[in-house]
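Worksheet: one structure, shown below.
There are 2 protein chains.
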Amino acid sequence: VSNWYQNNAPITALPIDDRAIHYGDGLFETVAIRAGEPRLWDLHMQRLRQGCARLGLPAPDEITLRNSLNFAVENSEIDASYALAKLIVSAGSAPRGYRRAEDAGGDPLIGVFAATPLPADLYKNGAITRQCATRLADQPQLAGLKTLNRLEQVLGRSEWQEPEIFEGLMCDSDDHIICGTMSNVFAINKQTISTPDLSRNGVAGVMRRHIIESLGRSGVTVTETRLSPQEVQDADALFLSNSQFGVIPVRQFGEHQYPGTAMHQQVADILLTSGIAEHGQ
Amino acid sequence: VSNWYQNNAPITALPIDDRAIHYGDGLFETVAIRAGEPRLWDLHMQRLRQGCARLGLPAPDEITLRNSLNFAVENSEIDASYALAKLIVSAGSAPRGYRRAEDAGGDPLIGVFAATPLPADLYKNGAITRQCATRLADQPQLAGLKTLNRLEQVLGRSEWQEPEIFEGLMCDSDDHIICGTMSNVFAINKQTISTPDLSRNGVAGVMRRHIIESLGRSGVTVTETRLSPQEVQDADALFLSNSQFGVIPVRQFGEHQYPGTAMHQQVADILLTSGIAEHGQ
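Going line by line, the protein sequences match chains Z and W.
So for the first sequence, the working numbering puts the first residue at 557; every next one is plus one.
So for the second sequence, the working numbering puts the first residue at 557; every next one is plus one.
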């Protein structure tokens, strides 16, 4: 079940001349709705603002957008106690051709989706991951953004069908792990927590940002660096983050099993304190 | 004026859950319609077929697609003596998430657009071009394809507003010219004709292919190679190709003026013989 709205009116379709369809000319955010409220709203808005600036699109008015989100959440048939909202900012309707109109930028689309917590087993015993063959291209101009150009993630996700595999980790062309198809990656090594640098590719998740900032406030520095698959494999522990599931430990990467599946206790405690850590059903 | 069809029925919008909107999960072709008939149809179908195979999407049935194109061209209000059809093959409607449904693949969308020949002056005296700052990322898995992920071209095209500039040439991260935002590039040097290699990025235009094959049949080999901006500037002559305008000489690239604007006579003759060369209004 999903419900989409634009300008506080339900919609079921997008005009065929919208640039989201033709060029992926736009951005999106996937916001967790908990007890009717959007989680990490400010971080979502910050990324959306930065994305609009980098793409040269007008950023939506955030108060209007928040009101529209509230309207959508309240008016949809979705149980808002635990749900998900997808916000799309497109360059909007335009004549054919790569050139944007001077007044490019449509009104945001807001979809509300039913969601269920992931199984508690994943939070407790960790997820199984694999390495994708699909590479993430180096594109500093779009790196970190959640644009509507997501074919690399689609191809990465299409590489496996096994339901027991939770996520695929994707490398850049230099054989460094950058992201999961739908998550960010953190590696723990003794006293060090590191996560791939996303200045050339990948999506800079709001949960990743929240983790880095929360740990930072507790005196734990997360190093943004380059991580080879071997380094990821050699880590004491690995975990994934995303705006919906929060944080999940990894128990297996390809054939490699991690020694412990429990997340580094300090990380777990800090996330719990910040109100993020979920423990599944 | 445009008219869109799907399954021989007019449409004005795309269902909001279509993967073209969310991920750019699909491909397109822009076909020139001349005297009611699609030009270079077989080359368009060949590229579309290859693209579907590489993206893992079912290729549309080509006879059905051709019939649908004919239907659209005949039923639209567009003057089909000189027009343009855009074909979109999307992964279609699906639940949220990067993972495709097993039956991914929607019915092709066909848009018919009014078109007018470019001014004769462009064909005769050549076009003014510039170099874009936006780079094309190396992505061999998608290289050559006309996918719905076109943000790089959109950003490239957004770099200039001057109406006298016809096209922007785009480099890869290694400073080699790859493509124009909407065209392919050929450089002529004495007896050599070369065009950028597109194995790592860029769009392999059907007109580019037609030119390479037509010249080849006349004993002229086009070399697919790497071309620096300096080499492009030092060329005796430069020309652009695209499925709509055919071939247009370049008279200026940035500040550099080419010694002659007339296309290498042999190239021009061969294209004329193949029925492609247009001369504008």
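Backbone N, C-alpha and C define an ideal beta-carbon position, used for all residues, glycine too.
As the structure is a computational prediction, the values presented were derived from the model and not from experiment.
What does the Cβ neighbour count give for Z:A647, buried or exposed, with the cut at 16 atoms within 10 Å?
Burial call: buried.
Measure how close the beta-carbons of Z:I666 and Z:A641 come, nearest whole angstrom, since I'm counting them as under 8 Å.
Contact holds; Cβ gap of about 6 Å.
For Z:A741 and Z:A636, I'd like the C-alpha separation in whole angstroms.
The sequence shown places Val at residue 741 of chain Z, rather than the Ala named in the question. If I take the Cα positions, the gap works out to 28 Å.
Pick from Z:G712, Z:T829 and Z:D598: whose alpha carbon is nearest that of W:D581?
The shortest Cα separation from W:D581 among Z:G712, Z:T829 and Z:D598 belongs to Z:G712.
Would you verify that the beta carbon of Z:F722 is, or is not, closer than 8 Å to some beta carbon of chain W?
Not an interface residue.
How is W:M738 classed by DSSP in three states: helix, strand or coil?
If DSSP states are grouped into helix, strand and coil, W:M738 belongs with coil.
If you run the structure through DSSP and keep just helix, strand and coil, what is W:A628?
DSSP places W:A628 in helix when its eight states are reduced to three.
Mapping the DSSP letters down to three states, classify W:I832 as helix, strand or coil.
Reduced to three states, the DSSP call for W:I832 is coil.
If you check the beta carbons only, do W:C735 and W:G758 fall under 8 Å apart?
Result yes, Cβ atoms of W:C735 and W:G758 sit closer than 8 Å.
Is the beta carbon of W:Y579 less than 8 Å from the beta carbon of Z:R603?
It is not a contact, given that the beta carbons lie outside the stated cut-off.
What did DSSP end up calling W:T690 once you bin it into helix, strand or coil?
DSSP places W:T690 in strand when its eight states are reduced to three.
Under 8 Å between C-beta atoms, does W:A650 make it to chain Z?
W:A650 does not count as touching chain Z.
Looking only at its chain, what residues have a beta carbon closer than 7 Å to the beta carbon of W:K746, apart from the 5 residues adjacent to it on each side?
Result list for W:K746: D792, in chain order.
Relative to chain W, which residues along the segment 567-584 of chain Z have a C-beta separation below 8 Å, given in chain order?
If the cut-off is 8 Å between Cβ atoms, the segment 567-584 of chain Z has I567, T568, A569, L570, P571, I572, D573, D574, R575, A576, I577, H578, Y579, G580, D581 and F584 near chain W.
Let me check understanding here. Comparing Cα to Cα, which of Z:E715, Z:A576, Z:S739 and Z:A628 lies closest to Z:R656?
Closest by alpha carbon: Z:A576.
Taking only beta-carbon atoms, is W:N626 less than 8 Å away from chain A?
No chain A appears in the structure shown, which is made up of the protein chains Z and W.
Decide if the segment 714-729 of chain W is in contact with the segment 583-594 of chain Z; the criterion is three or more beta carbon pairs, one per stretch, under 8 Å apart.
Touching, no, given that fewer than three Cβ pairs across the two stretches are closer than 8 Å.
Would you check if there are 3 or more beta carbon pairs closer than 8 Å linking the segment 615-630 of chain Z to the segment 686-693 of chain W?
With a cut-off of 8 Å, the segment 686-693 of chain W and the segment 615-630 of chain Z do not count as touching, because too few Cβ pairs lie within range.
Kindly list, in the order they appear in chain W, the residues whose Cβ is closer than 7 Å to that of Z:S714.
Simply G612 and R656.
Grab me the residues of W:R764's own chain with a C-beta within less than 6 Å of its C-beta, minus the 5 sequence neighbours each way, in chain order.
Excluding residues within five positions, the ones whose Cβ falls inside 6 Å are N740 and S797.
Are any of the Cβ atoms in chain W nearer than 8 Å to that of Z:Q695?
Cβ-Cβ to chain W under 8 Å: yes for Z:Q695.
Name the chain Z residues whose beta carbon is nearer than 8 Å to that of W:R706?
Within 8 Å Cβ-Cβ: H578, Y579, G580, D581, Y654 and N705.
Would the beta-carbon of Z:N559 fall within 8 Å of that of Z:I644?
No, these two residues do not count as a Cβ contact at 8 Å.
Rounded to a whole number of angstroms, what is the C-alpha to C-alpha distance between Z:G607 and Z:K702?
Taking the straight line from one Cα to the other gives about 8 Å.
Determine whether the Cβ of W:L709 lies closer than 8 Å to any Cβ atom of chain Z.
Just to set this straight, residue 709 of chain W is Gln in the shown sequence, not Leu. Yes, its Cβ sits closer than 8 Å to a Cβ of chain Z.
In the DSSP assignment, find the unbroken beta strand (DSSP E) run with Z:L678 in it and report its ends.
Counting along the chain, Z:L678 falls outside any beta strand (DSSP E), though it belongs to the alpha helix (DSSP H) covering A676 to N681.
Ignore the nearest five residues each way along the sequence and tell me which others in W:E585's own chain have a CB closer than 6 Å to its CB.
These residues qualify, in order along the chain: H600, L604 and L643.
Please name the residue, chosen from W:N626, W:Q697 and W:T751, that lies closest to W:R782 on a Cα-to-Cα basis.
The option with the nearest alpha carbon to W:R782 is W:T751.
Would you say W:K680 lies against chain Z (beta-carbon separation less than 8 Å)?
Answer no: the Cβ-Cβ gap between W:K680 and chain Z never drops below 8 Å.
Closer than 7 Å, Cβ to Cβ, to anything on chain Z: give me those residues from the segment 790-818 of chain W, in chain order.
Residues passing the 7 Å Cβ filter: none.
If the criterion is Cβ atoms closer than 8 Å, does the pair Z:L794 and Z:V788 meet it?
Their beta carbons are under 8 Å apart, which means Z:L794 touches Z:V788 by this criterion.
Could you give the C-beta distance for W:H766 and W:I684, rounded to a whole number, given that I count them as a contact under 8 Å?
Going by Cβ atoms, the distance from W:H766 to W:I684 rounds to 25 Å, so no, they are not a contact pair.
What residue ranges within the segment 725-770 of chain W form continuous beta strand (DSSP E) runs of no fewer than 3 residues, ordered along the chain?
DSSP runs (the beta strand (DSSP E)) wholly in the segment 725-770 of chain W: 733-736, 740-745 and 748-752.
Can you find the residues in the same chain that come closer than 8 Å, C-beta to C-beta, to Z:R807, ignoring five residues on each side of it along the sequence?
So the qualifying residues of the chain are N681, G682, A683, I684, Q813, Y814 and T817.
Is Z:G802 helix, strand or coil when you go by DSSP?
Strand at Z:G802.
Chain Z beta carbons: is any one of them nearer than 8 Å to that of W:S739?
False, the Cβ-Cβ gap to chain Z never drops below 8 Å.
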